[in-house]
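A short write-up of the structure that comes next.
In the numbering used here, the protein residues as written are 41 to 323.
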């Protein structure tokens with residue numbers, strides 16, 4: 041059932057991404073205010089209100105019987121437990137996968153839209169046309185992710201979690217390299233690349249979550265999950281910062297190459313873990 045739970049989480053995350061692309065990002069143009077800054081502020085206030093409403097619903101959903109807390113550890117102890125758990129090669133792999141998966145998502149949401157917007161602006165399109173095109177292409181990636189999420193969940197319960205993660209990593213490398221080599225980010229090939237990126241993005245998120253859940257020790261499950269999430273947050277910061285620098289100072293497709301390289305490293309590491317495990321079984 042771990043795969044089903046993971047695919048459900050991935051599916052709802054994809055729906056949220058589509059909501060952002062097709063609703064929240066269009067708020068400034070729908071308001072049609074004279075000041076773009078004021079329109080953007082209103083958009084952020086609306087998104088903040090939406091998050092607050094979601095938090096209220098979550099508080100009711102998470103409410104239940106009070107459970108006995110076995111121990112109270114400070115944040116340093118929790119972090120240490122999460123780091124020491126990486127002695128398990130599969131958990132270490134899941135940490136890197138979290139770093140890569142969240143970075144993948146940030147590159148899609150930030151740089152794919154920005155690349156399309158900049159390209160169309162240089163070609164003489166209006167701001168509204170450029171934003172609309174960027175939203176459509178990003179929407180293709182997120183729609184592909186939603187459609188693919190149940191498939192990932194199904195296979196997560198059927199095959200090795202490491203094997204699934206490696207397959208998704210390979211898919212991600214193919215998708216991001218395809219987009220990196222494109223010179224025209226609005227032609228037909230970008231849609232193919234966006235679909236593959238969407239498949240790889242959601243596949244990495246779900247497969248890494250399922251892997252860490254299956255390998256976490258019962259007594260430090262919370263610490264491992266927390267460190268797993270921390271790795272994802274660091275991945276977002278890393279790809280946003282370095283990807284932005286490369287986007288401005290080298291070429292606009294550079295963040296996609298960065299993602300492809302990291303996932304290639306993840307793929308090679310995972311293959312080494314798999315081969316080592318097979319060798320130990322054979323001996």
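For glycine and all other residues, C-beta sits at the position ideal for the given N, C-alpha and C. Nothing here was measured: the structure is a model prediction, and the numbers come from that model.
Pairwise C-alpha distance: residue j and residue i
| i | j | result |
| --- | --- | --- |
| residue 286 | residue 177 | 21 Å |
| residue 69 | residue 45 | 37 Å |
| residue 91 | residue 184 | 24 Å |
| residue 302 | residue 288 | 20 Å |
| residue 113 | residue 292 | 45 Å |
| residue 54 | residue 323 | 44 Å |
| residue 167 | residue 115 | 46 Å |
| residue 128 | residue 321 | 17 Å |
| residue 159 | residue 290 | 15 Å |
| residue 117 | residue 186 | 37 Å |
| residue 119 | residue 203 | 28 Å |
| residue 144 | residue 71 | 31 Å |
| residue 97 | residue 76 | 32 Å |
| residue 170 | residue 227 | 14 Å |
| residue 231 | residue 196 | 27 Å |
| residue 229 | residue 207 | 22 Å |
Beta-carbon gap between residue i and residue j smaller than 8 Å
| i | j | result |
| --- | --- | --- |
| residue 201 | residue 277 | no |
| residue 245 | residue 219 | no |
| residue 270 | residue 137 | no |
| residue 260 | residue 125 | yes |
| residue 267 | residue 123 | yes |
| residue 324 | residue 298 | The structure shown does not extend to residue 324, since the chain is modelled only from 41 to 323, so the question has no answer here. |
| residue 347 | residue 47 | The displayed coordinates of the chain run from 41 to 323. Any statement about residue 347 would go beyond what the structure contains. |
| residue 28 | residue 295 | In the structure as shown, the chain begins at 41 and stops at 323. Residue 28 is therefore absent and cannot be evaluated. |
| residue 153 | residue 174 | yes |
| residue 211 | residue 239 | yes |
| residue 213 | residue 80 | no |
| residue 82 | residue 67 | yes |
| residue 243 | residue 188 | yes |
Whole-number beta carbon distance between residue j and residue i, since they are thought to touch under 8 Å
| i | j | result |
| --- | --- | --- |
| residue 205 | residue 247 | 4 Å |
| residue 180 | residue 234 | 5 Å |
| residue 156 | residue 225 | 5 Å |
| residue 62 | residue 86 | At roughly 14 Å, the Cβ-Cβ gap does not stay under 8 Å, so residue 62 and residue 86 are not in contact. |
| residue 134 | residue 255 | 7 Å |
| residue 317 | residue 121 | 24 Å between Cβ atoms; not a contact. |
| residue 142 | residue 272 | 4 Å |
| residue 101 | residue 209 | About 32 Å; that fails the 8 Å criterion. |
| residue 313 | residue 130 | 7 Å |
| residue 182 | residue 57 | 4 Å |
Residue i: CB within 7 Å of a non-hydrogen atom of the ligand GTP
| i | result |
| --- | --- |
| residue 141 | For the ligand GTP, the structure offers nothing, since it holds no ligand at all. |
As assigned by DSSP and simplified to three states, the class of residue i
| i | result |
| --- | --- |
| residue 188 | helix |
| residue 85 | helix |
| residue 224 | coil |
| residue 290 | coil |
| residue 199 | coil |
| residue 258 | helix |
| residue 162 | helix |
| residue 211 | helix |
| residue 72 | coil |
| residue 303 | helix |
| residue 66 | helix |
| residue 316 | helix |
- Query: Fully enclosed by the stretch 138-182, which beta strand (DSSP E) runs are 3 residues long or longer?
  - Reply: The qualifying runs do not exist here; there are none.
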